[in-house]
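Please read the structure below before turning to the comments.
Number of protein chains: 2
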Amino acid sequence: MEFANVSERMALSPELAVSTVIFALRDADVSDAGRKELWLPLVRRTREPFKGRWALPGGPLGGTQALQDAAAANLRSTTGLVPRYLEQLYAFGGLDRSPSRRVVSIVYWALVRESDAGAHPARPEAGTRPVTGADGEPGPTSVLREDPNVAWFAAGDEAVLDGLAFDHADIVRYALWRLRNKVAYGSIAHRLLGERFTLAQVREVYEAVLGRSLDPANFRRQLLASPGIVETGEFLQGGKHRPPRLYRYVEPEPAGIPDPG
Amino acid sequence: MEFANVSERMALSPELAVSTVIFALRDADVSDAGRKELWLPLVRRTREPFKGRWALPGGPLGGTQALQDAAAANLRSTTGLVPRYLEQLYAFGGLDRSPSRRVVSIVYWALVRESDAGAHPARPEAGTRPVTGADGEPGPTSVLREDPNVAWFAAGDEAVLDGLAFDHADIVRYALWRLRNKVAYGSIAHRLLGERFTLAQVREVYEAVLGRSLDPANFRRQLLASPGIVETGEFLQGGKHRPPRLYRYVEPEPAGIPDPG
DNA sequence: TGAGTTATTGTCGTCGTGACAATAACTTGT
DNA sequence: ACAAGTTATTGTCACGACGACAATAACTCA
C-alpha cells in the first residue's frame with residue numbers, strides 16, 4: 001500500500017498489530033553464578049523501519065484471530081513455546097510510534113518455563129541462538145530452532161533496551177513493572193518453574209523479579225499461608241545440603257476476578 | 262463498505278474503535294435518599310446492529326488521533342464534560358463482538374465530577390435526558406445538551422446492563438471491577454468530587470464504589486495518613502450538625518509508576 | 001436549654017510482617 | 001566416624017496497620 005502524502009495516510013484507519021513480551025527465568029550471566037534473572041526473546045527486524053534492530057515478536061492482526069490467540073501464535077512461532085501465563089498488557093497507539101505508518105499495537109505479556117527456554121546463550125550482544133529442548137517433563141515436543149534472527153536477552157539490561165526498535169523499550173519496562181506488581185500479589189511465580197518446585201526456587205523467582213533478596217524464613221511462612229501451594233511428600237535429592245521439600249501448585253477456585261475477553 | 266461473504270471480511274484487518282466507560286457519582290434513586298451511587302451515560306444506537314439499544318459512547322479511531330485523545334473526545338462530544346480521570350481499560354477483540362464486521366475496541370474508563378454530570382434523571386428506563394450545567398466552580402463552561410439519545414443510568418443496575426448492545430455489559434462490569442481495585446489502593450476518589458470536600462464525602466465515594474459501609478473513625482485515620490490530602494482552614498457550613506472540616510487534594514510526586522503511552 | 005446528629009479523638013485486641021535467633025538435616029572433607 | 005559447612009525449617013519478638021467500639025466535641029433544631 002502506498003500513500004501520496006501524510007494527510008492521506010493519516011485519514012485512514014490505523015493498522016492493528018499484536019506483540020508479545022515473553023519472560024523466562026535463567027541463570028544470571030557469568031560472575032555471580034547462582035542467581036536467577038529474567039530473560040526475554042527478541043527478533044531482529046529484516047525490513048525498514050529499524051532494519052537490523054531487535055524488536056518484540058509480533059505482527060499484524062489477522063481478521064480471524066482473537067487477540068490472545070494472535071499473541072500465543074506469535075509466541076509459538078518465534079520461540080516454539082507454549083505460554084504458562086498470558087495476559088494483555090496495554091494497547092499502544094501513540095502517533096509517533098513508527099516513522100512510516102500509524103500503527104496501534106495491542107501488547108501481551110507472557111511467562112514461559114525456564115527449562116522450556118533452552119540453553120543459556122553466551123553473550124546477548126552476539127545475537128546468540130536459543131537452543132530449545134531438553135524438556136525434563138512430559139508435554140508437547142519442544143521445537144528445535146536455529147533462527148539467527150531470534151535471541152534471548154537479559155530483560156533488565158538497559159543497554160539492550162535502548163537499542164530496541166520503535167517504542168519497544170518503554171513497552172518492556174512497563175511489562176516488567178506489571179510483572180513486579182503481579183508477583184507481589186498473587187501466585188504466578190510458579191509459572192516460571194516446573195511442575196514441582198522447592199520454596200527456595202520460588203523465592204529465587206521473587207528475588208529475580210523484585211530485584212532484592214528476601215528472608216527465607218518469612219518468605220516461607222508467607223507463601224505457605226497463601227492458597228494453592230501444597231506439599232508433595234517428596235524431597236529434592238542430589239543437592240549439596242539438606243534436601244528441601246518439593247511443592248506443587250493447584251489452581252484455587254476463581255475468586256470473582258473478571259477475565260475480559 | 263460491503264463484503265461478498267464472511268471469509269472475505271475476515272481476511273481484512275479488523276476495524277479499530279475507541280469507547281469509554283464514564284462514571285459519575287449521584288444520589289441513589291428514590292427510597293434511600295442520602296446514599297450515593299455510580300452512574301454512567303449511555304448513547305442510544307441509531308443504526309444496525311443493535312439499533313435502538315443503549316451502548317457505550319465511542320466510535321471508530323481516526324488516523325490522527327492518539328488513543329486517549331479519542332476517548333476524551335467522545336467523552337466530551339456525548340456528555341460535554343472533561344474527565345477528571347482517564348485510563349485505558351482493556352482492548353476487546355473477540356471475534357463475535359459484533360454480528361456484522363469484526364471490530365477491535367480499545368476501551369477507556371473515566372471519572373467525572375458529580376456536579377458536572379447534571380440533574381438526576383427521574384427514571385433510567387425512560388431514557389431521561391441529562392441536564393448538564395449548574396457547575397458550582399470556575400472552569401470551562403458546561404455545555405447544555407438535550408440529546409434524547411444520551412441518558413444516565415445506575416452503573417450497578419443489572420437490568421440496565423443486560424439490555425446493552427454488543428458486549429458492553431461485560432465491559433461495564435469489568436470497568437466497575439477496575440474502579441473498585443483502584444479506589445482500594447490509591448487516591449482517585451476525590452476525582453468524583455469537587456475541589457474541596459469533607460472526609461465524609463470521600464467516605465461516601467468509597468461506600469458507593471465498594472458497596473459497603475465503612476467506619477468513619479478508621480476511614481478518617483487511614484485517609485489522613487495517605488499523602489495528598491491536606492486540610493484547608495475552612496469548614497463546610499450550612500449542614501444540620503457539626504460542621505466538618507474541608508480538605509483538598511494535592512498531587513504527590515509521581516512514584517515511579519510508568520505511564521504507558 | 002436540651003435533644004439529636006455528625007465530627008473527631010482515644011483505646012484496644014488482632015494480625016501480618018520484618019529482623020533475627022535457634023535448631024534440623026544433609027554433604028563434603030579428613 | 002567425625003567435624004565443618006551449608007541450607008532447610010521452626011521459634012520469638014517488636015512494630016505498625018487495621019477493625020471494633022467507646023468517648024468526647026460541636027453544631028442545629030425544637
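Chains as they are written, first to last, in this note's numbering: chain A, 1 to 261; chain B, 262 to 522.
Glycine is no exception: its CB is placed at the ideal position from the N, C-alpha and C atoms.
These numbers come from a predicted model, not from an experiment.
| Item | Value |
| --- | --- |
| Members of the stretch 438 to 461 of chain B that neighbour chain A once the beta carbon cut-off is set at 8 Å | Trp438 |
| Exposed unless 16 or more other CB atoms sit within 10 angstroms - verdict on A:Val230 | exposed |
| Below-7 Å beta-carbon distance, A:Tyr108 vs any chain B residue | no |
| Distance between beta carbons of B:Thr340 and B:Ile283, contact taken as under 8 Å | 6 Å |
| Beta carbon proximity, B:Ser274 to chain A, threshold 7 Å | yes |
| 8 Å contact criterion, which A:Phe50 and A:Phe166 should meet: CB distance rounded | 7 Å |
| DSSP bridge partner residues for A:Leu86 (one or two, in chain order) | A:Ala110 |
| Assumed close pair A:Val267, A:Leu81 - CB separation to whole angstroms, cut-off 8 Å | With chain A represented from 1 up to 261, any question about residue 267 of chain A goes unanswered, as that position is not in the structure. |
| Option nearest B:His429 by Cα separation, candidates B:Asp288, B:Glu468, B:Ser280 | B:Ser280 |
| Nearest candidate by alpha-carbon position, reference A:Ser98, set A:Arg84, A:Arg35, A:Leu164 | A:Leu164 |
| Below-7 Å beta-carbon distance, A:Gly93 vs any chain B residue | yes |
| Secondary structure of B:Pro477, DSSP reduced to three states | helix |
| Nearest-angstrom Cα separation, counted from B:Ala469 out to B:Leu299 | 7 Å |
| The alpha helix (DSSP H) enclosing A:Ser77, as first and last residue numbers | 67 to 79 |
| Where the alpha helix (DSSP H) containing B:Ala469 begins and where it ends | 460 to 471 |
| With 16 other Cβ atoms within 10 Å as the buried cut-off, status of B:Ile534 | Past the edges of chain B, shown from 262 to 522, lies residue 534 of chain B, and the structure says nothing about it. |
| Which of helix, strand or coil DSSP assigns to B:Val421 | helix |
| Reduced DSSP category for A:Leu42 - H, G, I as helix; E, B as strand; rest coil | strand |
| Run of the alpha helix (DSSP H) containing B:Arg439, from where it starts to where it stops | 429 to 446 |
| Rounded straight-line distance, which links the Cα of A:Asp147 to that of A:Val205 | 28 Å |
| Other residues of its chain near B:Ala461: CB distance less than 8 Å, five sequence neighbours each side excluded | Pro477, Pro505 |
| Residues near A:Glu251 by beta carbon distance below 8 Å, same chain, minus five either side | Gly228 |
| Partner residues on chain B for A:Leu61, Cβ-Cβ distance less than 8 Å | Ser274, Pro275, Gly354, Val365 |
| Delimiting residues of the beta strand (DSSP E) encompassing A:Leu252 | The sequence given here has Pro at residue 252 of chain A, not Leu. Where A:Pro252 is concerned, there is no enclosing beta strand (DSSP E), given that its DSSP letter is neither H nor E. |
| Close beta carbons around A:Leu193, own chain, < 8 Å, minus the five adjacent residues each side | Leu25, Arg113, Glu114, Gln201, Val202, Val205 |
| Selected residue, minimal CA-CA separation from A:Lys36, among A:Arg212, A:Glu253, A:Phe235, A:Gly239 | A:Arg212 |
| Residue environment, B:Asn335, which counts as buried when at least 16 other CB atoms sit within 10 Å | buried |
| 7 Å Cβ shell around B:Asp423 - same chain, five flanking residues per side excluded | Ala430 |
| Three-state class that DSSP yields for B:Arg287 in the structure shown | strand |
| Exposure label - A:Ser105; buried when at least 16 CB within 10 Å | buried |
| Beta-carbon proximity check, A:Val103 vs A:Ile171, cutoff 7 Å | no |
| B:Val304 vs B:Val444 beta-carbon contact at 7 Å | no |
| Residue-chain proximity (B:Tyr346, chain A), Cβ-Cβ < 7 Å | no |
| Limits of the unbroken beta strand (DSSP E) element including A:Leu234 | According to the sequence as given, residue 234 of chain A is Glu; it is not Leu. Start and end: 229 to 235. |
| A:Glu15 - partner residues in DSSP beta bridges | A:Val103 |
| Proximity test, Cβ basis, 7 Å: B:Ala327 and chain A | yes |
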